[in-house]
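In the order they appear, the protein sequences are chains A and B. Remember, our numbering sits 6 above the position in the first sequence when you count from 1. Remember, our numbering sits 18 above the position in the second sequence when you count from 1.
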Amino acid sequence: KAGVTQTPRYLIKTRGQQVTLSCSPISGHRSVSWYQQTPGQGLQFLFEYFSETQRNKGNFPGRFSGRQFSNSRSEMNVSTLELGDSALYLCASSFTGPPYEQYFGPGTRLTVT
Amino acid sequence: QKEVEQNSGPLSVPEGAIASLNCTYSDRGSQSFFWYRQYSGKSPELIMSIYSNGDKEDGRFTAQLNKASQYVSLLIRDSQPSDSATYLCAVNDEFSAGGTSYGKLTFGQGTILTVHP
């Protein structure tokens, strides 16, 4: 069974630009969660989508948004990039019932200059 | 603010020894607990999940959960140099009344484990 895929794997953007990251979950998984990982803050939850609806959101500014499509693929968007947005962005997919295990994709490394 | 705390590292053990990793969590309503391994430059890889009090064994790995003490641990027996990585404790603490997960994991800061030959 194929794992979670994320594209692109690496991105370099300039402050003020916007970026869109893509995530394809494991087949059959309908929940997709997004996380930001930085050396200082560790892994932090951004938001979760299920059946094209955002069900849960972390403590991030409105510049961070996402969506989910009918095939469960998800995208996240960051507008007006800031230097502090440089991070590894990870998506994870899971079933919403037991065993609640989330499986991560390889991540997108975003560098903002 | 729900918190997950891991024992400060880094942790260094000799090859063949038992590595013990510890984690405490603040939310008594937490229902499921996970250990992830993350190699440098890679994404987290799920290695253990545990939901009930007691021990759960999988090969060289044993997870232990004590909900009364809000404590979860991971033991790695016969540690190998390939076990050298950052180990992340994660807690799933947001569920609907019907038991549906809202997909949020709260992570500890991680413990860096080094197994030296």
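Here a beta-carbon is modelled for each residue, glycine too, at the ideal position from N, C-alpha and C. Remember, predicted model here, so these are calculated numbers, not experimental data.
The region 99-112 of chain A: positions lying closer than 7 Å to chain B by Cβ: 100, 102, 103, 105, 106, 107, 108, 109, 110, 111 and 112
Any C-beta of chain B under 8 Å from that of residue 77 of chain A: no
Neighbouring residues, chain B, relative to residue 48 of chain A (Cβ below 7 Å): 125, 127 and 128
Euclidean distance between Cα positions of residue 16 of chain A and residue 108 of chain A: 22 Å
Residue 50 of chain A versus residue 84 of chain B: straight-line alpha-carbon distance, rounded: 25 Å
Residue 134 of chain B burial status per 10 Å Cβ neighbour count (16 or more: buried): exposed
Endpoints, beta strand (DSSP E) assigned at residue 23 of chain B: 22-24
As assigned by DSSP and simplified to three states, the class of residue 67 of chain B: strand
Proximal residues of chain A, C-beta to C-beta of residue 122 of chain B below 8 Å: 39, 51, 54, 62 and 64
Residue 87 of chain A (DSSP reduced to helix, strand or coil): coil
CB contact below 8 Å: residue 116 of chain A versus chain B: no
8 Å CB neighbourhood of residue 111 of chain B in its chain, flanking five on each side removed: 20, 43, 45, 47, 48, 49, 122 and 124
Nearest-angstrom beta carbon gap, residue 39 of chain B and residue 54 of chain B [assumed within contact, 8 Å]: The Cβ separation is near 11 Å, so there is no contact.
Same chain, Cβ closer than 8 Å to residue 72 of chain A, neighbours up to 5 away in sequence not counted: 40, 52, 53, 55, 60, 80, 81, 82 and 83
Three-state secondary structure (DSSP) of residue 111 of chain B: coil
Reference residue 111 of chain A; option with closest CA among A/101, A/74, A/46 and A/94: A/94
Alpha carbon of residue 117 of chain A to alpha carbon of residue 52 of chain B, nearest angstrom: 29 Å
Straight-line Cα distance separating residue 27 of chain B from residue 62 of chain A: 32 Å
Identity of the residue in B/81, B/70, B/57 and B/95 nearest residue 41 of chain B by Cα: B/81
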